[in-house]
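Enquirer: Residues are numbered in this note's numbering as their position in the sequence shown, beginning at 1, plus a constant of 87. In this text, a Cβ means the ideal position worked out from N, Cα and C, and glycines have one as well. Quick one: structure below, then a few questions.
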Amino acid sequence: MLTPDTIEKLKKTATSVRALSMDAVQKANSGHPGLPLGIADLGALLFSQIMRHDPQRPDWADRDRFVLSAGHGSMFLYSLLHLSGYGLSLDEIKNFRQIGSKTPGHPEFGHTVGIETTTGPLGAGFSNAVGMAIAETMLAARFNTAADKIVDHYTYAISGDGCLMEGVSAEAASLAGHLKLGKLIVFYDSNSITIEGDTSIAFTEDVAKRFQAYGWQTLAGDAYDVQQVASLVEEAKRETEKPTLIILKSIIGYGAPNKAGSHSVHGSPLGADEVAASRAHLGIPVDKDFYVFPEVYDYMKDCAAAGRKLFDDWNTRFNAWAKANPELKKEWDLFMSGDLSAAVYPPVKEGDKSATRVASGNTIQSLSESLPFLVGGSADLAPSNNTAMKGAGDYSAANRKGRVMHFGVREHAMGGVANGMLLHGGFRTFCATFLVFSDYMRPTVRLAALMNIPQIFVFTHDSIFVGEDGPTHQPIEHVESLRLIPNLLVLRPADAEETSLCWKLALEEKRRPSCMILTRQNLPWFKKNTDKEKTLKLGYFIAKDEANPEVTVLASGSEVALALGAAAKSKKRVRVISVFSRELFIAQSKGDIAKLLGNGAKVVAAEAGVTTGWKGLASEVLGIDRFGESGPGEKVAERLGLTEENLLAMIER
Ligand SMILES: Cc1ncc(C[n+]2csc(CCOP(=O)(O)OP(=O)(O)O)c2C)c(N)n1
Ligand SMILES: [Mg+2]
């Protein structure tokens, strides 16, 4: 039970969150006051009484995780980080939404201390939270002993109406219920308002029943009754088998006497008059900007001290655990550091003729045996994506030690969940589907790139050579469109050896996600005429060397073999370069690129996809600028002109 004194302090804290939020939005003349005003009480309760966190140790491995999935309410989070003592100054609050501030429009991971994930695209944070809760169970299963639970934390998230309308949260919730993530607690800020007005215009389902059907416990309460909310959290914790959705009836813009409850307060400043009226209404000194009740800072300091004690207690237990379990401690250090020095890659087989998806599968298998912290899986396509790790066990409610994820046919949530697992810490992760369905998970690829996290996306069946499944399944624009995402490595290896090397490149990345673009069909091994270690980082290998070429062919993936075939038949001196990463290739100096291209030689490019992106490098491009057709892969290639004959003609012209 909360004491009357604590309840009083919580109310003052909530009012301070409201004061900071409305003033920051007003000063920036931009932002979303509705959510912070609406659920400030929940924030005060969570950050001061419920969450196990130590603001001085934001990287504490066993801290509770908090995700504001409704990222537009960023001032809610910034106010609470400021009041809790995460080192976010009042000046930063006053600089809300300004260039270079620690308080950007939406919360950004890696930019502001205490932000666990980047949110803003609605529903994405929900899926991240599911991933974090999964990672917690995985670590707990590995490292907790009968004597001590060193991994034992909750994952909290706040979703609004928008998050719960988005499909990604439905996918993620379905998975979370199936996986019985009992330590996931999501609050639903149910204010029945979105941008266009009342949710009755578009969202009338029974959310509680829907979540019950997913296998969740659902609870409901009043967002302004902190005692009730605290009790609901206790009830949520008592349910260890099911995740819990706590539906809180709230009023958007609570405390703004003339605007509360209206969509006008969702995403616009209150205006000077309404700010003044709100202050008067809430008991905030009317002439004070960015006002925090002095006793709130004292209260939050006491809460931070309590958090520090929680950390110290945990740390004492952790040290005792480490002493009693030296082998486990060694493993813990390995998991937390992600040290790759033990990584084993499959040996190079000259003359190998496997598909790159098969080579990738062999590499994943070998890595899974040497790197116990590697986890991942597919959206129901493991047999096609070649991502199953034999002997690693399937992750499930019954087997939290399993490392093979079965994400189900849920690409969007898969990306978000995998990102959440990676953000949690303790694991390296990958997820997989057909390249053509990368569109279904593109927002998560973009967010991984934006967050600078080294997620690995495995995309197989990478071209019209998929064949009979036809144009719905034949990627055309996908490789190029992935290349448009900044800070993303798009890797399209041309043989088994390159595939393994690309995996090494992706794993060694620390601040950049990678996409592995892999073939369904077999590809022949080719000899790499370069210093492999060196040119791996430059995104290419020379497949056919020619000292003084008349023509240089740039190709990627399956078209390297095509280029080698054409070059062999040409009467000209032809150099062939496998450009498995165009981003890395073009990042070289102009001089180095010119030298590679043969200083004035004619340059031709070949890739089984849209030609747009190669035009800056090559004078002629053999590609496919239309949708494919159903038929055997080789026949489709012939029909679309992606042939050795046509490439040869380009070379000879
Ligand atoms: C994927 C996505 N689509 C659209 C938006 C734009 N958007 C931001 S907030 C919002 C409405 C959200 O309503 P709700 O979650 O109920 O938040 P509230 O208005 O209650 O604060 C929309 C459509 C977005 N951020 N993300
Ligand atoms: Mg709403």
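Please report the distance separating the alpha-carbon of Leu332 from that of Asp360.
Expert: Computed Cα separation, rounded: 37 Å.
Enquirer: Could you name the residues of the same chain whose beta carbon sits closer than 7 Å to that of Glu179, not counting the 5 residues immediately before and after it, in chain order?
Expert: Same-chain partners within the cutoff: Ser188, Lys189, Thr190.
Enquirer: Could you say which of Lys99, Lys388, Pro145 lies nearest to Gly370 if we only look at CA atoms?
Expert: Of the listed residues, the one whose Cα sits closest to Gly370 is Lys99.
Enquirer: Measuring from the CB of Ala244, is there a heavy atom of ligand 1 at a distance below 7 Å?
Expert: Every heavy atom of ligand 1 is 7 Å or more from the Cβ of Ala244, so no.
Enquirer: Alpha carbons only, please: which of Glu595, Gln542, Ala244 is nearest the one belonging to Gly160?
Expert: Answer by Cα proximity: Ala244.
Enquirer: Could you please give the first and the last residue of the uninterrupted alpha helix (DSSP H) stretch that includes Met538?
Expert: From DSSP, the alpha helix (DSSP H) with Met538 extends over 529 to 538.
Enquirer: Leaving out the 5 sequence neighbours to the left and right, which residues in its chain are closer than 8 Å to Leu576 when beta-carbon positions are compared?
Expert: Closer than 8 Å at the Cβ level, and outside the excluded window around Leu576, lie Leu592, Ala593, Glu596, Arg599, Pro600, Ser601, Cys602, Ser668, Glu670, Leu671.
Enquirer: With DSSP as the reference, label Ala475 as helix, strand or coil.
Expert: Three-state result, Ala475: coil.
Enquirer: Is it true that the CB of Leu89 sits closer than 8 Å to the CB of Val313?
Expert: In this structure, Leu89 lies closer than 8 Å to Val313 by Cβ.
Enquirer: In chain order, what residues of the same chain have a beta carbon less than 8 Å from the beta carbon of Leu454, not counting five sequence neighbours either side?
Expert: The residues are Ala430, Val431, Tyr432, Leu461, Trp590, Leu594.
Enquirer: Would you mind reading off the limits of the alpha helix (DSSP H) that contains Arg444?
Expert: Unbroken alpha helix (DSSP H) run through Arg444: 443 to 457.
Enquirer: Check each residue's C-beta against every heavy atom of ligand 2 and list, in chain order, those closer than 7 Å.
Expert: With the cut-off at 7 Å, the residues found are Gly247, Asp248, Gly249, Asp276, Asn278, Ser279, Ile280, Thr281, Thr286, Ile339.
Enquirer: With DSSP as the reference, identify every bridge partner of Ile334, one or two as the case may be.
Expert: Partner(s): Tyr275, Ala307.
Enquirer: Quick check: what's the CA-CA separation for His565 versus His353?
Expert: Taking the straight line from one Cα to the other gives about 36 Å.
Enquirer: Just list the residues that DSSP pairs Thr639 with in beta bridges.
Expert: Note: Thr639 sits in a beta bridge opposite Arg662, Val690.
Enquirer: Please state if the CB of Leu534 and the CB of Ala211 are separated by a distance shorter than 8 Å.
Expert: In this structure, Leu534 lies closer than 8 Å to Ala211 by Cβ.
Enquirer: State yes or no: is the C-beta of Pro562 nearer than 7 Å to some heavy atom of ligand 1?
Expert: For ligand 1, not one heavy atom lies less than 7 Å from the Cβ of Pro562.
Enquirer: Starting from Glu95, trace the beta strand (DSSP E) in both directions and tell me its first and last residue.
Expert: Careful: Glu95 lies outside any beta strand (DSSP E), inside the alpha helix (DSSP H) at 91 to 115.
Enquirer: Bridge partners for Glu707 per DSSP, in chain order?
Expert: Paired residue(s): Val691.
Enquirer: Which residue's Cα is closest to the Cα of Glu637: Val663, Lys96, Gln315, Thr622?
Expert: Considering only alpha carbons, the answer is Val663.
Enquirer: So, under 8 Å CB-CB, Val545 and Ser471 are touching, yes? Tell me the CB distance rounded to an integer number of Å.
Expert: With 8 Å as the limit, Val545 and Ser471 do not qualify as a contact, their Cβ atoms being about 11 Å apart.
Enquirer: Can you say whether Gly39 is buried or exposed, counting buried as having 16 or more other CB atoms within 10 angstroms of its CB?
Expert: No answer is possible for residue 39: it lies beyond the span of the chain, which begins at 88 and ends at 740.
Enquirer: Checking the sheet assignment: what are the DSSP bridge partners for Phe628?
Expert: Ser665, per the DSSP bridge assignment.
Enquirer: Exposed or buried, what is Glu555 when buried is set at 16 or more other beta-carbons lying within 10 Å of its beta-carbon?
Expert: Per the 10 Å Cβ criterion, exposed.
Enquirer: Would Trp612 pass as a contact of Glu633 if the rule is Cβ separation under 8 Å?
Expert: Their beta carbons are not under 8 Å apart, which means Trp612 does not touch Glu633 by this criterion.
Enquirer: Check whether the Cβ of Glu646 lies closer than 7 Å to any heavy atom of ligand 1, and answer yes or no.
Expert: Result no, Cβ not under 7 Å from ligand 1.
Enquirer: Look up Ser246 in the DSSP assignment and give the residues it is bridged to.
Expert: Looking at the DSSP assignment, Ser246 forms a beta bridge with Tyr275.
Enquirer: For the pair the region 114 to 124 and the region 200 to 210, tell me if three or more CB-CB distances fall below 8 Å.
Expert: With the cut-off at 8 Å, the region 114 to 124 and the region 200 to 210 do not touch.
Enquirer: Can you tell me whether Val200 is buried or exposed, with buried defined as 16 or more other CB within 10 angstroms of its CB?
Expert: With fewer than 16 other Cβ atoms within 10 Å, it is exposed.
Enquirer: Near Phe183, what residues of its chain come up, given a Cβ to Cβ distance below 6 Å and the 5 sequence neighbours on each side ignored?
Expert: So the list reads Ala111, Ala115, Thr190, once near-sequence residues are dropped.
Enquirer: Could you name the residues of the same chain whose beta carbon sits closer than 6 Å to that of Val379, not counting the 5 residues immediately before and after it, in chain order?
Expert: So the list reads Ser103, once near-sequence residues are dropped.
Enquirer: Which residue comes first and which comes last in the beta strand (DSSP E) that contains His493?
Expert: First-last of the beta strand (DSSP E) with His493: 491 to 493.
Enquirer: Tell me whether Val462 sits in a helix, a strand or coil according to DSSP, three-state version.
Expert: Here Val462 sits in strand by DSSP.
Enquirer: Which runs of the alpha helix (DSSP H) fall wholly inside the region 200 to 231 and span at least 4 residues, in chain order?
Expert: If we require 4 residues or more, the alpha helix (DSSP H) runs fully inside the region 200 to 231 come out as 211 to 230.
Enquirer: Please work out which residues of its chain come closer than 6 Å, Cβ to Cβ, to Ser166, disregarding the five sequence neighbours upstream and downstream, and give them in chain order.
Expert: Cβ neighbours of Ser166 beyond the five flanking positions: Val104, Leu107, Ser108.
Enquirer: When the Cα atoms are used, what is the spatial distance from Glu716 to Glu646?
Expert: The alpha-carbon atoms of Glu716 and Glu646 are separated by roughly 19 Å.
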